[in-house]
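Enquirer: Please read through the structure below; I'll follow up with questions.
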Amino acid sequence: MNLSNARLERCATLKSLGLSLPCEVGSIVARGFADLGYEAFRVLPGEKLISLFTGKISSSSVTHDRELFVVPDVDLLVQEILRRGFSIESLRFVDQHSWQLRLRPSDSDMLICVEELELGSVFLSATEQILTGHQ
3 MNLSNARLER CATLKSLGLS LPCEVGSIVA RGFADLGYEA FRVLPGEKLI SLFTGKISSS
63 SVTHDRELFV VPDVDLLVQE ILRRGFSIES LRFVDQHSWQ LRLRPSDSDM LICVEELELG
123 SVFLSATEQI LTGHQ
């Protein structure tokens, strides 16, 4: 999974828009630092985190740390899109260059169309559009 600062920033934006995803053992979570960007962690049993950048294990109250946010994979984003009443009309790899995703809300004929270079990014963009109501 791409864990660049740009991707982690997009995931932080989803949290600020109200997206609440399950955080359990094995999840990837991240936190932003004002001067350093973002750091990603894997959730371990016993309220512990392991940094995916340094390998350092630390104790943290994962469920109560407001600075942490879940870094969703494509599966989690698809589940969230479907949970919010959208169906996936199509997902295409266009000209071996970019991914195009078309979603339809269950209560409308309007389509949401998103195109990105990376598969994970196309689902992040679609989720952001759903959360902001920009359809």
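If you're matching positions, the sequence shown starts at 3 in the numbering used here and goes up one per residue.
Every residue gets a Cβ at the ideal spot worked out from N, C-alpha and C, and that includes glycine.
Per DSSP, what kind of secondary structure is ALA36 in: helix, strand or coil?
Expert: Locating residue 36 in the sequence shown gives position 34, where the first residue counts as 1. ALA36 falls in the coil class under three-state DSSP.
Enquirer: Pairing CB atoms from the stretch 23 to 33 with CB atoms from the stretch 42 to 57, are three or more of them under 8 angstroms?
Expert: Contact between the stretch 23 to 33 and the stretch 42 to 57 is present, because at least three Cβ pairs lie under 8 angstroms.
Enquirer: Tell me which residues share the same chain as GLU91 and place their Cβ nearer than 6 angstroms to its Cβ, disregarding the 5 neighbours each side in the sequence.
Expert: As a first step, residue 91 must be located in the sequence shown, where it is residue number 89. Excluding positions up to five away in sequence, the list reads ARG104, ARG106.
Enquirer: At 3 residues or longer, what runs of the beta strand (DSSP E) sit wholly inside the stretch 8 to 93?
Expert: Segments of the beta strand (DSSP E) lying fully in the stretch 8 to 93: 30 to 35, 39 to 46, 50 to 53, 59 to 61.
Enquirer: I need the straight-line Cα distance from LEU113 to GLU130, nearest angstrom please.
Expert: Within the sequence shown, residue 113 is the residue found at index 111, counting from 1. Within the sequence shown, residue 130 is the residue found at index 128, counting from 1. In a straight line, the C-alpha of LEU113 is about 15 angstroms away from that of GLU130.
Enquirer: Please work out which residues of its chain come closer than 7 angstroms, Cβ to Cβ, to GLU118, disregarding the five sequence neighbours upstream and downstream, and give them in chain order.
Expert: By 1-based counting over the sequence shown, the position of residue 118 is 116. The answer, listed in chain order, is SER100, TRP101, VAL124, SER127.
Enquirer: Below 8 angstroms on the Cβ atoms is my contact criterion, and I expect VAL76 with LEU23 to pass it. Report the Cβ-Cβ distance as a whole number of Å.
Expert: In the sequence shown, the residue the question calls residue 76 occupies position 74. In the sequence shown, the residue the question calls residue 23 occupies position 21. The pair is not a contact, with the Cβ atoms about 13 angstroms apart (cut-off 8 angstroms).
Enquirer: Assign ARG9 to buried or exposed, taking buried as 16 or more other Cβ atoms, counted over all protein chains shown, within 10 Å of its Cβ.
Expert: Within the sequence shown, numbered from 1, the residue matching residue 9 stands at position 7. Its Cβ being crowded by 16 or more others within 10 Å, ARG9 is buried.
Enquirer: Ordered along the chain, which non-local residues of its own chain (more than five positions away) have a Cβ less than 6 angstroms from that of SER89?
Expert: Looking up residue 89 in the sequence shown gives position 87. Taken in chain order, the residues that qualify are ARG106.
Enquirer: Note the first and the last residue of the continuous alpha helix (DSSP H) segment covering SER123.
Expert: Residue mapping note: residue 123 aligns to position 121 of the sequence shown, counting from 1. Where SER123 is concerned, the enclosing alpha helix (DSSP H) stretches over 121 to 134.
Enquirer: Taking all protein chains shown into account, do 16 or more other C-beta atoms lie within 10 angstroms of the C-beta of GLU82, making it buried, or fewer, making it exposed?
Expert: Taking the sequence shown and counting its residues from 1, the one referred to as residue 82 is at position 80. Result: buried.
Enquirer: What does a CB cutoff of less than 6 angstroms around ARG12 pick up in its chain, not counting 5 residues either side in sequence?
Expert: In the sequence shown, residue 12 corresponds to position 10, counting from 1. Taken in chain order, the residues that qualify are LEU126.
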